[in-house]
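K.L.:
Numbered per UniProt numbering, the sequence shown spans residues 1 to 157.
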Amino acid sequence: MTSAPAVPPAPDGLTSEDFPVRWPVGTRWADNDMFGHLNNAVYYQLFDTAINAWINTGAGLDPLTTPALGIVAESGCRYFSELHFPEGLVVGVAVTRLGRSSVTYRLGVFRAVHGEQAQPITALGHWVHVYVDRHSRKPVPIPDAVRSLLSTAVVDR
1 MTSAPAVPPA PDGLTSEDFP VRWPVGTRWA DNDMFGHLNN AVYYQLFDTA
51 INAWINTGAG LDPLTTPALG IVAESGCRYF SELHFPEGLV VGVAVTRLGR
101 SSVTYRLGVF RAVHGEQAQP ITALGHWVHV YVDRHSRKPV PIPDAVRSLL
151 STAVVDR
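What follows is the structure, given as structure tokens:
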């Protein structure tokens, strides 16, 4: 029996195993641009979907009624490998900083390959949520249920 090939080193040395949360996402026909690959703006939609789906389901939030909202204050992405529809993907989520009213995420996009453990990263993102009061839009502490969930994804590196 031969062993699986080693996962090639990725930028920053990150693989899917460096992300405590791995959220599966699909690609759509409309995600490809005229160059035949996922448009750069799609990655931000993938990040937003993975983070909010994880938080809403994991912390039991109703985004239409929760008094504190996580508003994106900063985001960015570096791209390492092209992706295309109809590839299945996984967005990895890690928390690199958990403050009083803000949280910083490291996000990785990976191909969803069945039967393999670690996957090389195709895009690396960062995202900052600042929690604000729904009505005043002033910063507020991260809700306890959300903080508890976020703490499960805190990483050192």
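Even glycine gets a Cβ: it sits at the ideal position worked out from N, Cα and C.
Locate the beta strand (DSSP E) running through V21, then write down its first and last residues.
P.N.:
Segment V21 to G26, the beta strand (DSSP E) holding V21.
K.L.:
Alpha carbons only, please: which of L83, G76 and L14 is nearest the one belonging to D31?
P.N.:
Minimum Cα distance to D31 is reached at L83.
K.L.:
What is the rounded straight-line gap between the Cα of S75 and the Cα of G125?
P.N.:
The straight-line gap from Cα to Cα measures roughly 7 Å.
K.L.:
Please name the residue in S16, W127 and R111 whose C-alpha comes closest to that of V103.
P.N.:
Checking every option, the nearest Cα to that of V103 belongs to W127.
K.L.:
Return helix, strand or coil for S75, following the three-state DSSP convention.
P.N.:
In the structure shown, S75 sits in a strand (DSSP, three-state: E or B).
K.L.:
Nearest-angstrom Cα distance between T15 and D62?
P.N.:
Cα to Cα, the separation comes out at about 32 Å.
K.L.:
Indicate the three-state DSSP secondary structure (helix, strand or coil) for L61 in the structure shown.
P.N.:
Reduced to three states, the DSSP call for L61 is coil.
K.L.:
Would A50 pass as a contact of G88 if the rule is Cβ separation under 7 Å?
P.N.:
Cβ distance not < 7 Å, so A50 and G88 don't count as in contact.
K.L.:
My output table needs one value for S102: the three-state DSSP class, helix, strand or coil.
P.N.:
Of the three classes helix, strand and coil, the one that applies to S102 here is strand, per DSSP.
K.L.:
In terms of alpha-carbon separation, which member of F80, L64 and R97 lies closest to I142?
P.N.:
The option with the nearest alpha carbon to I142 is R97.
K.L.:
Let me confirm a value: F110 is counted as buried when at least 16 other C-beta atoms fall within 10 Å, else exposed. Which label applies?
P.N.:
F110 should be labelled buried.
K.L.:
For the ligand NAD, I want to know if R97 counts as a neighbour, meaning its beta carbon is within less than 6 Å of at least one of the ligand's heavy atoms.
P.N.:
Inclusion of the ligand NAD in the displayed structure is not the case, the ligand content being empty and no account of it being possible.
K.L.:
Compute the distance between the beta-carbons of P20 and A153, then report whether it is under 7 Å.
P.N.:
Yes, the pair counts as a contact, with Cβ atoms nearer than the cut-off.
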